[in-house]
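Everything in the sequence shown is counted per this note's numbering, starting at 443 for the first residue and increasing by one.
Even for Gly, the Cβ is constructed at its ideal location relative to N, Cα and C.
Only a predicted model underlies this, so the values are computations on that prediction, with no experimental measurement involved.
This report concerns only the one structure given below.
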Amino acid sequence: MNLFAARRCLLIGLAGLITACSEGPLPTIGRTHGDVPMSRLIAFDSQQKCYRFLENVAFEAPFADGMAYQQTTCLNAGKKIGRKTIDEVAELHVSLT
Numbered sequence: 443m444n445l446f447a448a449r450r451c452l453l454i455g456l457a458g459l460i461t462a463c464s465e466g467p468l469p470t471i472g473r474t475h476g477d478v479p480m481s482r483l484i485a486f487d488s489q490q491k492c493y494r495f496l497e498n499v500a501f502e503a504p505f506a507d508g509m510a511y512q513q514t515t516c517l518n519a520g521k522k523i524g525r526k527t528i529d530e531v532a533e534l535h536v537s538l539t
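Now the structure itself:
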């Protein structure tokens, strides 16, 4: 790969990163034995038969470190978020960081 191609790849990647980031901080889900019920961040959509996040979120929890989901994401029952299913995650009490 020549220098021009490397610069081009870097610029495209940087542009993608900048446009993908939201302006406000995301609620970040940390420890899984906290005092915030996940029901404040996730709800079951009975029409679509899936779970939806009520706002954009990021995970720093041991079971899903580095994962993030947008509010528009629709996760079917049984879908995994890291090592836990969405059904298990919906029942957790977590800490927000």
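When the five nearest sequence neighbours on each side are left out, the beta carbons in the same chain lying within less than 7 Å of the beta carbon of residue 469 are those of 483, 497, 499, 538, in order along the chain. As the crow flies, the alpha-carbon of residue 489 is around 30 Å from that of residue 475. Here residue 478 is bridged, per DSSP, to 536.
Ranked by Cα distance from residue 491, the first of 520, 524, 530 is 520.
Close CB contacts of residue 501 within its chain, under the 6 Å cut and outside five residues either way in sequence, are with 471, 509 (chain order).
Distance from the CA of residue 532 to the CA of residue 525, rounded to the nearest whole angstrom, comes to 14 Å. Within the same chain, 498 come within 6 Å of residue 512 by CB-CB distance, once the 5 residues on both sides are set aside. Note that the C-beta distance between residue 515 and residue 495 is below 8 Å.
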